[in-house]
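Only one structure is covered here, and it is reproduced in the block below.
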Amino acid sequence: MSTAHDTTRDPAMPPAPRAAQKTSAGSSVDLRLIGGLAALLALLIVPIFLRNFVVFQLTIILAYAIAILSLNILTGASGQVSLGHSAFFAAGAYAAGILMEHGGVPYGLAIPLAGVICFVFGFLFGLPALRLKGVYLALATFALAIAAPPLLKLGTFEHWTGGVQGLLLTKPDPAFGLPISQDRYLYYLTLAIALLIYWLSVNLLNSRTGRAFMAIRDNEIAASSMGVDLALYKTLAFGISAGITGIAGALGALAVAFVAPDAYTFNFAIALFLGMVIGGVGWLPGSLAGAAFIVLVPNMAESVSKGLSGAVFGVFIIAMIFLLPNGARQLVDLTYNQIRKLIR
Amino acid sequence: MELFTNQVLSGIATGAIYACIALAVVMIYEAIDHLNFAQGEMAMFSTFIAWQCMQWGVPYWGAFVISVALSFVAGVAIERVLFRPLGHASILVHIAGFIALFAIINSVAGLIWDFTIKPFPTPFGATPLFGGVISSHQAGMIVVTLALLGLLYLFFRFTRIGLAMRAAATTPDSARLVGVNVGWMIALGWGLAAAIGAIAGIMIAPVIFLEPNMMGGVLLYGFVGAVLGGLSSPAGAVAGGFMVGVLENLTGTYIPGVGNELKLPIALAMIVAVLVLKPNGLFGRTQVQRV
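Protein sequence lines, in the order shown, are assigned to chains F and B. For the first sequence, position 7 matches number 8 in my numbering, and the numbering has no gaps at all. For the second sequence, position 167 matches number 445 in my numbering, and the numbering has no gaps at all.
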């Protein structure tokens, strides 16, 4: 994302995402561009040939990928750990649901509004979190994840949230009278928003703000002595990350057409965290790989062995972190290097 | 006033459970500098081993010793096989490893012993004390926790190996220079934590019953107790565990409209408030960083 990455000294954070680095070897940049375009093309074309249910699953993967991307901005760039993103995801889903069903707001407006609401939530939560670091911050965010489902079930808000029952959403019809199914339309809508957010995030990390995040991650004291406003940028990172997760939550809720408190438990926060590690911390395209892992591998494990599905899932994770400790990014780098050797 | 005393006493009784787990959490944190998410599942597995031994006719204390010894060995083995090869990988990767371990242990225990709830015997009996607020088992549990804490204090303060473990945890490089085998000290820390977890599991099981998911909620409270007391202080962790138990009970009693569901979030919110004022926990060392 930026050359500021090269000076990473903190062993806790992996080195620079090389994908977007300006390398001197022109051919490698081209290869990466080709790889990215091929992936994009696949994302655009493949759903045309798939059943509606598979398209729906892909939509969920994309929504999770957006949430993991936001975690990548928070953890990978600014170095703050969160185990509470399920709460922001839930907030986005509920914000969109309540706006659409009770407020009559069209979905096109409800999605960005959910993002704004979650941005405010995240920013406010970032204020007390300012004083906490490492495991203590993890505990505070963890409290958030634990608190979310019971709060959503509370009787006082039942009129709005539907309490334990949850809230049914109407799936939007394709815009402009497009002759495709609702599931497919939602897929392309989610894809378009995901690409927009990806583009904005890459630019954010390349900007002055992004460099401030990374400076804080690498050494807070040094960053503050260079004039980085720690309080502002740390809460900003929380706000932006929560806002993006909120949009992901709104998209996920639209795809499922239903929001319920028990869909957003602590386990979901753990799954998002796992997706970030599997994709490669700090490497934004890895978010998609991580999301695919947390959606598909549990299903696969279930089909390998019903009774031992948890064990199979665990073995998969261990295999991943042993073979590829830097996540999917490492796999992509290896492949590129192999191809470059072949071309030479 | 009587209501208050009763609630505090029963809070202390549940707090003893959290204190046990918090102690195990702090032990492993001292040794490896990470929070082990699989700690609760490891303790659950140890408890099942003790239960299985008793099913085979081993007397209570025999099963206790077998389970604690096996857990120690298993803890060392997990460190050697799984986490040592990961070495200096980032913390986030280690956490993914803990999650994997959690999933594996939970699912294997479910396969071997299935998910039905099993009663677990206690050596202390179940006679009610202090007018029924606290049972003799819970009193026994508190005594065991405090005794364990005392033993650990002596171990870390006065034995060669305890001192070496502390040195390895606080300043690995200097410890290596004076001849401490840092790698083995870490493995020993894992073993010790697993053994303490086994004791905690066996003490808790009569209260919350034995099943593969028994540790879910308890581990959360244990973490919270450990962090509240300060991760660098075993005594702090025990105190933190007791405080969480009491706090949980008092919020349930005195704040209107708080059902069972909201007890944990409110206790957590209070703890976050405490942490904001004292970022290293109540009894933790303040960490000074050199630029």
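By construction, the Cβ of each residue, glycine as well, lies at the ideal position given by its N, Cα and C atoms. Predicted, not measured: the structure shown is a model, and the values here were computed from it.
Asked, Found
"I need the DSSP call for Val260(F), collapsed to helix, strand or coil.", "strand"
"Throw me the rounded Cβ distance for the Leu140(F) and Val505(B) pair, which I believe falls under 8 Å.", "5 Å"
"Which of the three DSSP states is assigned to Ile340(F) in this structure?", "helix"
"From Val82(F) to Ala92(F), what does the alpha carbon distance come to, in whole angstroms?", "19 Å"
"Taking a contact to mean a Cβ-Cβ separation below 8 Å, would you say Ala254(F) touches Ala94(F) in this structure?", "yes"
"Does DSSP put Lys235(F) in a helix, in a strand, or in coil?", "helix"
"For Leu488(B), which residues does DSSP report across the bridge?", "Lys396(B)"
"Alpha carbon to alpha carbon, how far is Leu152(F) from Trp462(B)?", "46 Å"
"Taking 8 Å as the threshold (beta carbon to beta carbon), is Ala378(B) in contact with chain F?", "yes"
"Is the number of C-beta pairs between the stretch 343-363 of chain B and the stretch 243-254 of chain F that are closer than 8 Å three or more?", "no"
"DSSP three-state call for Ile181(F): helix, strand or coil?", "coil"
"So for Gly413(B), helix, strand or coil by DSSP?", "Residue 413(B) is actually Ser in this sequence, not Gly. Reduced to three states, the DSSP call for Ser413(B) is strand."
"Name the chain F residues whose beta carbon is nearer than 9 Å to that of Pro557(B)?", "Arg132, Leu133, Lys134, Tyr137"
"Based on DSSP bridge pairs, tell me the residues matched to Pro406(B).", "Ser413(B)"
"Pair every Cβ in the stretch 271-280 of chain F with every Cβ in the stretch 363-378 of chain B, then say whether three or more of these pairs are closer than 8 Å.", "yes"
"Does Ile327(B) come within less than 8 Å of chain F when only Cβ atoms are used?", "no"
"Using a Cβ-Cβ cut-off of less than 7 Å, give me the residues of the stretch 291-314 of chain F that come near chain B, in sequence order.", "Gly308, Leu309, Ser310, Gly311, Ala312, Phe314"
"Name the chain B residues whose beta carbon is nearer than 8 Å to that of Val282(F)?", "Ser368, Leu370"
"Look at the alpha carbon of Asp231(B) and the alpha carbon of Pro490(B), and state the distance between them as a whole number of angstroms.", "Beyond the ends of chain B as shown, which are 279 and 569, falls residue 231(B); an answer cannot be given."
"Can you pull the chain B residues whose beta carbon is under 7 Å from the beta carbon of Leu275(F), in chain order?", "Ala374, Ile377"
"Closest Cβ-Cβ distance between Ile147(F) and chain B: below 8 Å?", "yes"
"Could you check the C-alpha separation between Ile295(B) and Arg444(B) for me, to the nearest Å?", "26 Å"
"Classify Leu343(F) as buried or exposed, calling it buried when 16 or more other Cβ atoms lie within 10 Å of its own Cβ.", "exposed"
"Secondary structure at Leu169(F), three-state DSSP: helix, strand or coil?", "strand"
"Does the beta-carbon distance from Leu497(B) to Met305(B) come in below 8 Å?", "no"
"For a contact meaning CB atoms closer than 7 Å, what does Asn384(B) contact in chain F?", "Gly311"
"So Pro543(B) contacts chain F; which residues on that side make the cut at Cβ distance below 8 Å?", "Ala144, Ile147, Ala148, Pro151, Leu152"
"Checking 8 Å against the spacing of the C-beta atoms, do Ala417(B) and Gly315(F) come in under that value?", "no"
"So, at 6 Å on beta carbons, what are the nonlocal neighbours of Arg330(F) in its own chain, with the 5 sequence-adjacent residues on each side left out?", "Gly281, Trp284, Gly287"
"For a test of the three-state rule: what should DSSP assign to Lys23(F), helix, strand or coil?", "Low per-residue confidence applies at Lys23(F): pLDDT is 42, beneath 50, and the placement is therefore not dependable enough to give any value."
"Residues of chain B with CB under 8 Å from Val316(F), in chain order?", "Ala378, Ile382"
"Hey, Gly523(B) and Thr292(B): beta-carbon distance below 8 Å or not?", "yes"
"Mapping the DSSP letters down to three states, classify Ala316(B) as helix, strand or coil.", "coil"
"Would a C-beta distance cut-off of 8 Å place Ala290(F) and Ala64(F) closer than the cut-off?", "no"
"Mind reading off the beta-carbon distance from Ala264(F) to Cys119(F)? Whole number of angstroms is fine, and I expect it under 8 Å.", "Their Cβ separation, rounded to whole angstroms, is 16 Å, which puts Ala264(F) and Cys119(F) out of contact at 8 Å."
"Run through chain B and tell me which residues come within less than 8 Å of Phe323(F), C-beta to C-beta.", "Pro363, Leu364"
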